[in-house]
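To keep things clear, I will list the structure first and then write my remarks on it.
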Amino acid sequence: MHINVKLFATFRVGRFSEQKREYPPGTRVSGVIEDLQIPESQVGILMLRNRHISSDQELTDGADLSIFPFVGGG
Amino acid sequence: MSVSSAERYSRQVLFPGIGAEGQKRLQAARVVIVGCGATGSTLVSLLGRAGVGTLRIIDRDYVEPSNLQRQGLFDESDAAESLPKAAAAARKIATFNSELAVEPCVADLTPENVEDLLEGFPLIMDGTDNFETRFLINDYAVKNGVPWIYAAAISSCGVTMNILPGETACLACMFPESPHGTVDTCETSGILNSAVNGIASVAATEALKFLVGAKVQLRRTLLTRDLWFNDFAELDASTPREDCRCCGEKEFPHLAGEGRPHISLCGRNSVQIHERERPINFVEIQSRLEPHGIVRFNELILKFWHEPYEITLFPDGRAIIKGTTDVGVARSLYARFIGC
């Protein structure tokens with residue numbers, strides 16, 4: 007199935023801003039995070055079309071997933 | 073040299089968004105800045121130069137040489153003296169705008185003092201470097217209906233968001249959970265000075281809009297801007313989330329101090345003991361510590377070098393122990409030399 011993945015802030019470095027990616031049916035959000043080699047502890051926001059979700063949410067074909075990091079320095 | 077207000081603010085008043093009426097509002101305004109590192113320095117500098125009448129600056133740390141690359145309010149003499157950042161900031165403001173009322177607070181914002189330190193300020197600016205303090209500010213702000221502006225940066229990327237309680241999303245609407253485990257910091261990932269100063273400039277501009285009443289111009293998104301990779305993005309933050317524990321359910325666990333550690337890692341190689349109710353007599357403790365190492369102090373901090381550790385002690389009993397990331401070692405040093 008196709009998942010449209012949008013990354014934000016520091017997660018874009020060395021990856022991409024937005025990309026359609028292919029995953030097997032039943033893939034959860036945590037599977038995408040792992041596939042992208044993003045440390046889960048650094049994930050601050052997970053959204054499906056502006057709705058907050060958890061990392062164990064199962065994705066469906068055509069899902070629009072946004073992943074945003076904790077940015078805390080100052 | 074005395075500078076008239078008319079002359080000082082003449083260029084800013086010419087800008088239609090501010091004007092003479094807006095300038096009057098700025099000069100009557102009260103803003104509290106929590107944290108005076110890189111974002112805080114820029115916020116203080118820009119808001120102070122713009123003529124915001126009263127600035128309260130809350131910061132728990134002291135100036136170090138590694139700050140000078142990006143924290144524009146401080147210089148080498150501040151680092152040499154290890155001045156508390158809040159005090160150094162107040163001293164610097166007086167050199168460029170002596171008209172302002174500046175209230176430096178050398179303190180760690182905690183659930184115990186948050187009401188005292190933030191009450192009476194209609195706008196709170198984020199100059200902190202951690203989410204623990206930001207969630208505390210957010211709980212206070214939403215509970216009391218006080219706007220605040222989140223600003224942060226790492227590497228070459230800055231992030232900011234306006235929080236208007238009851239109107240826009242709050243920090244907990246956007247970040248439902250506090251960070252668990254390790255999160256990148258300026259110490260681990262580095263920081264570009266223009267990135268942090270740039271995002272603080274955006275936040276300061278939003279503050280000016282709020283203070284002059286240009287509410288329609290306020291941004292209602294979570295903004296990210298990467299200066300190195302020329303990247304810009306926004307997430308919608310225009311409405312509170314219905315099931316937000318803070319906006320929706322009116323739960324304020326950070327105000328209640330739930331889950332707050334009494335000891336935390338601080339910087340690259342330090343542990344902070346969040347003691348706040350242990351008044352320290354520096355003269356007395358100097359004599360106790362001198363047999364064990366070098367001691368220096370002024371009215372605001374005491375530093376004690378006991379190889380390989382450096383202990384910075386504040387009058388309320390708070391301590392930063394440099395040279396370890398082991399909480400147990402830090403607790404032991406505190407117990408041995410300060411007492412607990």
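From first to last, the protein sequence lines stand for chains A and B.
Using the numbering used here, you'd call the opening residue of the first sequence number 7 and step up by one each time.
Using the numbering used here, you'd call the opening residue of the second sequence number 73 and step up by one each time.
No residue lacks a Cβ here, since even glycine has one placed at the ideal position from N, Cα and C.
- For a Cβ distance threshold of 7 Å, residue set Phe-14, Ala-15 of chain A lies close to Thr-296/B, ordered along the chain.
- Gly-20/A has a beta carbon lying at 7 Å or more from every beta carbon in chain B.
- Listed in chain order, the non-local C-beta contacts of Asn-341/B below 8 Å within the same chain comprise Lys-394, Gly-395, Thr-396, Thr-397, local neighbours out to five positions each way being set aside.
- Between the stretch 80 to 96 of chain B and the stretch 147 to 156 of chain B, the count of C-beta pairs closer than 8 Å stays below three; the two stretches do not touch.
- Out of Leu-307/B, Asp-201/B, Pro-312/B, Ile-235/B, the CA that lies nearest to the CA of Tyr-212/B is found in Ile-235/B.
- Under the Cβ distance rule, Ser-227/B counts among the residues neighbouring chain A, one pair being separated by less than 7 Å.
- Residues of chain A whose Cβ lies closer than 9 Å to the Cβ of Asp-201/B are, in chain order, Gly-78, Gly-79, Gly-80.
- The Cβ atoms of Ala-309/B and Met-233/B lie closer than 7 Å to each other.
- Among the residues of the stretch 51 to 77 of chain A, those with a Cβ less than 8 Å away from any Cβ of chain B are Ile-51, Met-53, Asn-56, His-58, Ser-72, Phe-74, Pro-75, Phe-76, Val-77, in the order of the chain.
- By the CB criterion at 7 Å, Ile-130/B and Ala-161/B fall outside the cutoff.
- Within the same chain, Cβ atoms closer than 8 Å to the Cβ of Ile-335/B are found at Val-343, Gln-344, Ile-345, His-346, Val-399, Ala-402, Arg-403, the five residues on either side in sequence being excluded.
- Within chain A, the residues placing a beta-carbon under 8 Å from that of Val-231/B are Ala-15, Val-77, ordered along the chain.
- Close to Ser-23/A, with beta-carbon spacing below 8 Å, are these residues of chain B in chain order: Asp-303, Ala-305.
- Under the criterion of beta carbons closer than 8 Å, Tyr-134/B and Leu-155/B qualify as touching, at roughly 6 Å.
- Distance check between Leu-181/B and each of Gly-199/B, Trp-220/B, Val-106/B places Val-106/B closest, using alpha-carbon atoms only.
- By the Cβ test, the stretch 202 to 218 of chain B is in contact with the stretch 235 to 248 of chain B, since at least three Cβ pairs between them sit closer than 8 Å.
- Per DSSP, the continuous alpha helix (DSSP H) segment holding Ala-152/B begins and ends at 148 to 153.
- Annotation: Leu-327/B to Cys-318/B spans about 11 Å, alpha carbon to alpha carbon.
- Comparing C-alpha distances from Phe-22/A to each of Phe-76/A, Glu-46/A, Leu-42/A, Gly-80/A shows the shortest one belongs to Leu-42/A.
- The shortest C-alpha to C-alpha distance from Pro-380/B to any of His-364/B, Asp-388/B, Glu-371/B is the one to His-364/B.
- Within the stretch 110 to 191 of chain B, the beta strand (DSSP E) runs of at least 3 residues that lie entirely inside it are, in chain order, 126 to 131, 173 to 178.
- At a cut-off of 7 Å, the C-beta of Phe-146/B has no neighbouring C-beta in chain A.
- DSSP places Val-343/B in the strand class (E or B) of the three-state scheme.
- Residues of the stretch 39 to 51 of chain A with a C-beta atom less than 9 Å from some C-beta of chain B are Pro-45, Glu-46, Ser-47, Gln-48, Gly-50, Ile-51, listed in chain order.
- The Cβ atoms of Ala-407/B and Pro-312/B lie no closer than 7 Å to each other.
- Its Cα nearest to that of Leu-385/B, the residue Ala-179/B stands out among Ala-179/B, Ser-82/B, Ile-90/B, Ala-151/B.
- The CB of Gly-109/B comes closer than 9 Å to the CB of Gly-79, Gly-80 in chain A, given here in chain order.
- Per DSSP, the unbroken beta strand (DSSP E) holding Thr-293/B starts and ends at 293 to 298.
- In the structure shown, Tyr-29/A adopts coil according to DSSP, grouped into three states.
- According to DSSP, residue pairing for Arg-34/A in a beta bridge involves Glu-64/A.
- Nearest to Ser-47/A by alpha-carbon distance, out of Ser-72/A, His-8/A, Gly-32/A, Ser-36/A, is Ser-36/A.
- Within the stretch 307 to 331 of chain B, contact with chain A at the beta-carbon level (separation under 7 Å) is assigned to Leu-307, Asp-308, Arg-313.
- For Tyr-212/B, there is no enclosing beta strand (DSSP E); the enclosing alpha helix (DSSP H) covers residues 203 to 216.
- The residue among Glu-321/B, Glu-184/B, Phe-87/B with its C-alpha nearest the C-alpha of Gly-329/B is Glu-184/B.
- For Ala-224/B, the closest Cβ of chain A is nearer than 7 Å.
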